[in-house]
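Asks: Have a look at this one.
In the UniProt record's numbering, the protein residues as written are 1 to 372.
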């Protein structure tokens, strides 16, 4: 509003010059039927532009003043034409600022005043064409103002919708980053904990296995730093919008899990990035849970690529090592996996399977081009 108010004096000056100069030109063609311009006429010509200067602060009052000055100018039989610029602008502005009822009321009064002037304020009889022309002009101004106001409101609504969508997407991206950070930290920190406990347990009796556990810790710590950097890079301009964990990294994940893992793939097909990311994180969290709660277990990871869904199953045979080597979980692992599956329209079931535990997820897939 302040920005627009700064231009009000400029608008008022431009309209004042236009009304005064153009009225002088219009007067030459109306000298035989109109009064010549004098001090009072110039004053009335300047009232409307002066009202435009304060129109944004006092829209109704300034519009009333501009219209009254125009009525007086017209009824005093001064040259017609440019004097109607200022009141036309005030009526349009009233509609644009939402004072529609007032604007239409002023337009109705103006129509009555000008029709009455045509029949009683001149020596001739104007006829039906004059009345229709006056009515058509006022209606054109008001209907055009309404269409302009509707277009502005529609643009504003579209902008609000776009802003809300941007905020929603930003919120979803923050949630995605939180999930990624949870999964990265939970998996790698748990792996480091388990391997450190193993190394401490075996360092005196079996230094070779302890050395292997320490090497796994080194790899896992490097991996967690790299993945955290990847996740946090989404905050930087020009970075990918989402972290890039995918099933192409599944072999590396299995190798450094510290578990006896068998990886099986049935079929193959390209997958959307969000499905790859969800499947990778589900397998990662399942291996983390196995390392925490079932140390020494054999784990089977099976991926089944169907036409309409990707099935992910992670099954362990149960703990074979002392339970003190496993860490206590945060309780967010299975709910987090279920949220990932649900976000894609899929399902996830987790529960005991014999002596061990099984996680089974089904993630819907779009139809491949061959199927369509």
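Glycine included, C-beta positions come from ideal geometry on N, C-alpha and C.
Assign residue 106 to buried or exposed, taking buried as 16 or more other Cβ atoms, counted over all protein chains shown, within 10 Å of its Cβ.
Replies: Walking along the chain shown from the start, residue 106 turns up at place 106. Buried, because 16 or more other Cβ atoms sit within 10 Å of the Cβ of residue 106.
Asks: I think residue 313 touches residue 360, with their Cβ atoms under 8 Å apart; what is that distance to the nearest whole Å?
Replies: Here residue 313 corresponds to residue number 313 of the chain shown, with the count starting at 1. Here residue 360 corresponds to residue number 360 of the chain shown, with the count starting at 1. Right, the Cβ-Cβ distance comes to about 5 Å (below 8 Å), so this counts as a contact.
Asks: With respect to the alpha helix (DSSP H) encompassing residue 107, which residues constitute its N-terminal and C-terminal limits?
Replies: Mapped onto the chain shown, residue 107 falls at position 107. 100-120 is the extent of the alpha helix (DSSP H) around residue 107.
Asks: Can you list, in chain order, the residues of its chain whose CB lies under 8 Å from that of residue 73, leaving out five sequence neighbours each side?
Replies: For the purposes of this step, residue 73 is taken as the residue at position 73 of the chain shown. Result list for residue 73: 41, 44, 45, 83, in chain order.
Asks: From residue 380 to residue 159, what does the alpha carbon distance come to, in whole angstroms?
Replies: The question about residue 380 has no answer, for the chain in this structure spans 1 to 372.
Asks: Is the segment 128-148 in contact with the segment 95-112, if contact means three or more CB pairs nearer than 8 Å?
Replies: The answer is yes - the segment 95-112 touches the segment 128-148, with three or more Cβ pairs under 8 Å.
Asks: Report the rounded CA-to-CA distance for residue 300 versus residue 156, giving the unit in angstroms.
Replies: As a first step, residue 300 is located in the chain shown; it is residue number 300 there, counting from the start. As a first step, residue 156 is located in the chain shown; it is residue number 156 there, counting from the start. Going from the Cα of residue 300 to the Cα of residue 156 covers about 55 Å.
Asks: Between the Cα of residue 196 and those of 49, 291, 24, 32, spot the shortest distance and give me the residue it belongs to.
Replies: Counted from its first residue, the chain shown places residue 196 at position 196. Answer by Cα proximity: 291.
Asks: So is residue 316 buried or exposed if we call it buried at 16+ other beta carbons inside 10 Å?
Replies: Position 316 of the chain shown, counted from the start, is the residue given in the question as residue 316. With 16 or more other Cβ atoms within 10 Å, it is buried.
Asks: For residue 57, which residues in the same chain have their Cβ closer than 6 Å to its Cβ, ignoring the five residues on either side in sequence?
Replies: By one-based count along the chain shown, residue 57 stands at place 57. The answer is none, since no qualifying residue turns up.
Asks: Using the rule of at least 16 other Cβ atoms within 10 Å of the residue's Cβ for burial, across every protein chain shown, is residue 336 buried or exposed?
Replies: Sequence index remark: in the chain shown, residue 336 carries index 336 (1-based). Per the 10 Å Cβ criterion, buried.
Asks: Would residue 103 pass as a contact of residue 87 if the rule is Cβ separation under 8 Å?
Replies: As a first step, residue 103 must be located in the chain shown, where it is residue number 103. As a first step, residue 87 must be located in the chain shown, where it is residue number 87. For residue 103 and residue 87, no; Cβs fall outside 8 Å.
Asks: Report all residues from its chain with a CB closer than 7 Å to the CB of residue 47; omit the five preceding and five following residues, and keep chain order.
Replies: Position 47 of the chain shown, counted from the first residue, corresponds to residue 47. Within the same chain, residue 47 has close Cβ partners 65, 66, 69.
Asks: To the nearest angstrom, how far is the alpha carbon of residue 52 from that of residue 141?
Replies: Residue 52 sits at position 52 when you count from the first residue of the chain shown. Residue 141 sits at position 141 when you count from the first residue of the chain shown. Residue 52 and residue 141: Cα-Cα distance of roughly 17 Å.
Asks: Helix, strand or coil: which one does DSSP assign to residue 129?
Replies: To locate residue 129, count along the chain shown from 1; it is residue 129. In this structure, residue 129 counts as helix in the three-state DSSP scheme.
Asks: Exposed or buried, which one is residue 280 when buried takes at least 16 other CB atoms within 10 Å?
Replies: For this step, residue 280 is matched to residue 280 along the chain shown. Buried: at least 16 other Cβ atoms inside 10 Å.
Asks: Assign residue 9 to buried or exposed, taking buried as 16 or more other Cβ atoms, counted over all protein chains shown, within 10 Å of its Cβ.
Replies: Position 9 of the chain shown, counted from the start, is the residue given in the question as residue 9. The residue in question, residue 9, is exposed, as its Cβ has fewer than 16 Cβ neighbours within 10 Å.
Asks: Would you report the Cα separation of residue 219 and residue 213, rounded to the nearest angstrom?
Replies: If you number the chain shown from 1, residue 219 lands on position 219. If you number the chain shown from 1, residue 213 lands on position 213. Going from the Cα of residue 219 to the Cα of residue 213 covers about 10 Å.
Asks: I need the straight-line Cα distance from residue 325 to residue 263, nearest angstrom please.
Replies: Within the chain shown, numbered from 1, the residue matching residue 325 stands at position 325. Within the chain shown, numbered from 1, the residue matching residue 263 stands at position 263. Model confidence at residue 325 stands at a pLDDT of 41, short of 50, so the residue's coordinates are unreliable and nothing is read from them.
Asks: Please classify residue 383: does DSSP put it in a helix, a strand, or coil?
Replies: Residue 383 is absent from the structure shown; the chain starts at 1 and stops at 372.
Asks: Could you compute how far the alpha carbon of residue 174 sits from the alpha carbon of residue 154?
Replies: Taking the chain shown and counting its residues from 1, the one referred to as residue 174 is at position 174. Taking the chain shown and counting its residues from 1, the one referred to as residue 154 is at position 154. Computed Cα separation, rounded: 30 Å.
Asks: Below 8 Å on the Cβ atoms is my contact criterion, and I expect residue 134 with residue 118 to pass it. Report the Cβ-Cβ distance as a whole number of Å.
Replies: Mapped onto the chain shown, residue 134 falls at position 134. Mapped onto the chain shown, residue 118 falls at position 118. Correct: roughly 7 Å between the Cβ atoms.
Asks: The beta strand (DSSP E) spanning residue 263 covers which residue range?
Replies: On the chain shown, residue 263 is found 263 positions in, with the first residue counted as 1. Element bounds for residue 263: 260-266.
Asks: With which residues is residue 358 paired in a DSSP beta bridge?
Replies: Numbered from its first residue, the chain shown carries residue 358 at position 358. Its beta-bridge partners are 315, 351.
Asks: Under DSSP, the beta strand (DSSP E) around residue 301 begins and ends at which residues?
Replies: Taking the chain shown and counting its residues from 1, one reaches residue 301 at position 301. It spans 298-305 - the beta strand (DSSP E) in which residue 301 sits, taken as one unbroken run.
Asks: For residue 364, which beta-bridge partners are listed by DSSP?
Replies: Against the chain shown, residue 364 aligns to sequence position 364. Its beta-bridge partners are 309.
Asks: Considering only the beta carbon of each residue, do residue 37 and residue 78 sit closer than 8 Å?
Replies: For this step, residue 37 is matched to residue 37 along the chain shown. For this step, residue 78 is matched to residue 78 along the chain shown. In this structure, residue 78 lies closer than 8 Å to residue 37 by Cβ.
Asks: Going by C-alpha distance, which of 309, 289, 90 is nearest residue 55?
Replies: Position 55 of the chain shown, counted from the first residue, corresponds to residue 55. For residue 55, the nearest C-alpha among the options comes from 90.
Asks: Name the two residues that bound the continuous alpha helix (DSSP H) containing residue 289.
Replies: Here the question's residue 289 lines up with position 289 in the chain shown. Element bounds for residue 289: 273-293.
Asks: In three-state terms, what does DSSP make of residue 71?
Replies: By one-based count along the chain shown, residue 71 stands at place 71. Here residue 71 sits in helix by DSSP.
Asks: With a threshold of 8 Å between beta carbons, is residue 268 in contact with chain C?
Replies: In summary, chain C is missing from the structure at hand, where a single protein chain is found.
Asks: Taking all protein chains shown into account, do 16 or more other C-beta atoms lie within 10 angstroms of the C-beta of residue 323, making it buried, or fewer, making it exposed?
Replies: As a position in the chain shown, residue 323 is number 323, starting the count at 1. In this prediction, residue 323 scores a pLDDT of 46, lower than 50, which makes its location untrustworthy; the coordinate-derived value is nonetheless stated afterwards. Counting Cβ neighbours within 10 Å, residue 323 comes out exposed, since fewer than 16 surround it.
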